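Structure, as structure tokens:
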Amino acid sequence: MNPRGSGRRTGDRLSGAFPKRLRGGLLIFNTGRATRMSTPSDSPATKKPALPSELGGPNAGDEASDGSSDDAAKTSTNRYNWRKLLFRLHGWLGLNLGLFLFVICLSGSVATLSNEIDWLLNSDQHVTAPAGTESGPAGYDWTAMHDSLAAAFPDGRNLGVYAPEVAESAALAYVETPRGQRLKVYLNPHTGAVQGHTSFFNAQRFFRSFHRRFFDGDRGITLVAFMGFPMLLLALSGFTYYRGWLKQLFRLRTDKGERTFWADLHKGAGIWGLFFTLLIALTSIFYFVELGFIAAGSYDSLQAEPLPQHVDDASLDDLGPQPERKPANVYADSARAALPGLAVRSMRMPRRPGDAVYVDGQRGNPLTRDRANKVHLDPFTGEVLGVQKSSRLGPVPLISDLVDPLHFGYFGGIWTKGLWCALGLMLSFSILAGTYLWVVRCGPSRRGSLGDDAPSGGRPFVWLRGTVVAAALTLAYFFVVAEATVEGIREYAPQRPAPRAVAEVEAGPYRARIDCAAPCRPASGDATVTARFRGTGLPNYQSATLARLDAPGPPDTLTGPARAPSTTTNAAPGDSIQFRIAGRDGTVHTASFAAPAADGTSGEASAGSSWPRTAPGVWWVVGSFAALVVGAVAGWLWMVGRAFRAEQRRQLMLGS
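For the sequence shown, our numbering gives the first residue as 452, with consecutive numbering after it.
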């Protein structure tokens, strides 16, 4: 029995004689005034301060130490009611949402070190700098990286090159292939050599997508971000409810029974991780607010004033049909000149001649994202079009760029990542510890499982029924998540066969290969045709169209990246199609080719059916995480079931 309160009232033995009961004493009406008669359980020699019970709820009978003061009694009772409300709130949130929060926190903890996991699993990401090469960002050859990427993937689209996170790691580039697949390409940042590539899927992508949205699209990301609110309430209610938290920092009693052990573990983990939990909760709430702005179409109001995105159209007229971009190192040097001290972290090339080159990086404030310091450049002259400094951001844009580094802990490199992972794991398993502690309290050895929350009316049973419903709903959603995760992973595999080459055409100074993506059925209007321009320069034209020569009607305009614009066409096999390019100088160049025959590929056959190509160890990591989650869910259900059965037995005993 807990000496400070077991949930059973001393006056229960006299309930037939007295209409009103108080734990630890009786009300004796004397001269019109209520006075308190001491009982052995709360005599001045043995009475303890009103502290939260380690085995149950708040002490129900310590309303006031001076029965002669109605105001003091009322104040003490109000304080007690407030703390009891906090206890109930903390327990209700933990019991009903704890399983959901556990999976989110566990996946986020692993996500902080997911890049390091990939580095361990994939030798293509290991780099040794050549002798005599300057270390760090100053020794990176951006020109060599972009040139080797273009040579290795002539038909691919360069989506950006990113500097390595640590000196021993490869640079990372993203490439989109004609099959619609995105690849991760690993480059030696000093020589530019391509060391290997995988699909977009790896450990980092799995944990990032799972933690962020459960592979469940908008619904998943909304649910995950919304969990910041109950996490904040759990942290604040637990900290406010429990007293003596300084003593709990270093207390873990292993010789007082399992209930005391789990109580110390749960409270200690909550106190040690309090500021971390608040940080994670607040950043999650910010993500949720961002989603609201995105849904309202006003996300730009959270961002800084946009930099110029395009060069002057008039300047493009004098560049010719296929102007050459400047070497990538020129852009890096121009960005460093515009932002002294900038360590270039990423570079993205323009999709069209009028677009700017994008360069960003770090500049003395690791708490902000790389994009907080960025430069836009003219791709043909290297001229600076716009500069953004993190030190000049307004409050809202600055917070927007602080959230990611603080949430994932990568602002201090491997050390803060490791700390965030440890704190996240502690938070994850403290959720399970809290649930187990509550189950232990509901065991058959307890007549009142939750102190004053366990009168004969059976309130814990109501709590349990709610918990069973919440667990059932969570489990049902996790079945949806499991299916969505499998489908989401498969989407990283090639989604269609390689396109079929239709013709090589030459229209004035422009040369291009015409491709038809599978399924290629022009007669039914189900044919996506792409013109892949040849040459090293960036095609500089006003417009490009396809038109059937033997049929009236407007031409089909090709849109998209300048080097690979595409359109959907409707033509019978063998029909003559004119490829028409209008130059910026007003000249028009044409070439003709025959519409391709249908390739017979069905829509079903063209859909991706394989798994993405990735480092073999990634599947072991994903499988181990899945097994851990399944085990945690099974353990959670066992704990809830055990408590439910124990409470059923208790209700039967009370009713007999």
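Beta carbons are placed, not taken as given, at the ideal position from N, Cα and C, and that holds for glycine.
Predicted model only: the values in this text are computed from it and were never measured.
| query | result |
| --- | --- |
| So what's R951 in DSSP terms, helix, strand or just coil? | strand |
| Could you work out which residue in L572, S586, A618 and G590 is closest to I865 when comparing CA atoms only? | A618 |
| Since H761 and A732 are thought to touch, with beta carbons under 8 Å apart, how far apart are those beta carbons, to the nearest angstrom? | Not really, about 40 Å apart at Cβ, beyond 8 Å. |
| Let me check you understand the geometry: is the CB of Y992 closer than 6 Å to at least one non-hydrogen atom of the ligand FMN? | Only the bare structure without any ligand can be found here, which leaves the ligand FMN out of the picture. |
| Mind checking whether A978 and T1018 have CB atoms under 7 Å apart? | no |
| In the DSSP output, what is A811 paired with across the bridge? | Sequence inspection shows Asp at residue 811; the Ala mentioned does not correspond to that position. Its beta-bridge partners are S797 and K825. |
| Does the stretch 683 to 690 come close enough to the stretch 538 to 551 that 3 or more CB-CB pairs lie under 8 Å? | yes |
| Would you call the CB atoms of F666 and A935 closer than 7 Å? | yes |
| Smallest Cα separation from F930: which of R802, Y693 and F551? | F551 |
| A998 and P990 look like a contact to me (Cβ under 8 Å); what is the Cβ gap, rounded to whole Å? | Actually they are not in contact, since the Cβ atoms of A998 and P990 sit about 19 Å apart, beyond 8 Å. |
| Distance check for L571 and L700, CA to CA, integer angstroms please. | 35 Å |
| For R484, collect the residues of the same chain with a Cβ closer than 7 Å to its Cβ; drop the 5 residues on either side in sequence, then sort them by chain order. | Residue placement at R484 cannot be trusted, given a pLDDT of 40 that sits under 50; what the coordinates show is reported in the next sentence. Closer than 7 Å at the Cβ level, and outside the excluded window around R484, lies no residue. |
| In its own chain, which residues sit with a C-beta less than 6 Å from the C-beta of F727, not counting the 5 before and 5 after it? | L874 |
| Considering only residues of the same chain and omitting the five flanking positions on each side of I736, which have a CB-CB separation below 8 Å? | A676, G679, F680 and L683 |
| What's the call for Q1099, buried or exposed, on a 16-neighbour Cβ count within 10 Å? | exposed |
| Helix, strand or coil: which one does DSSP assign to G1106? | helix |
| Run through the stretch 739 to 802 for me and flag every whole beta strand (DSSP E) of 3 or more residues, listed as ranges in chain order. | 794 to 799 |
| Spell out the partners DSSP gives A998 in its beta bridges. | Q1029 |
| Could you compute how far the alpha carbon of G863 sits from the alpha carbon of A562? | 16 Å |
| Looking only at DSSP bridge pairs, what is L638 linked to? | A622 and V645 |
| Cα separation between F1044 and T981? | 13 Å |
| If N566 sits next to Q632, beta carbons under 8 Å apart, how far is it from one beta carbon to the other, in whole angstroms? | Not confirmed; about 21 Å, so no contact. |
| On the CB-based measure, 16 or more other CB atoms within 10 Å of its CB, does W533 come out buried or exposed? | exposed |
| What are the residues that DSSP puts in a beta bridge with Y613? | L623 and S797 |
| What separation, rounded to the nearest whole angstrom, lies between the Cα atoms of R972 and A1049? | 5 Å |
| What span of residues does the beta strand (DSSP E) with D977 cover, start to end? | D977 to F984 |
| Does DSSP put A1066 in a helix, in a strand, or in coil? | coil |
| Kindly indicate which residue of P588, V847, L600 and E957 has the alpha-carbon position closest to the one of V1039. | E957 |
| Compare the beta carbon distance of H641 and A580 with 7 Å and say whether it is the shorter of the two. | yes |
| Can you name, in chain order, every residue of its own chain whose Cβ lies under 6 Å from the Cβ of S994, other than the five neighbours on each side? | A1033 |
| Can you tell me which of G1106, G1068 and A1078 puts its alpha carbon nearest to the alpha carbon of D569? | G1068 |
| In this structure, does DSSP put Y961 in helix, strand or coil? | strand |
| Which residue wins for smallest C-alpha separation from V847, given the options L703, G986, L924 and Y738? | Y738 |
| Which of the three DSSP states, helix, strand or coil, is assigned to P1024? | coil |
| Quick one: Cα of V626 to Cα of P615, how far? | 17 Å |
| Closer than 6 Å by C-beta to R787: which residues in its own chain qualify, once you throw out the five before and the five after it? Chain order, please. | L793 |
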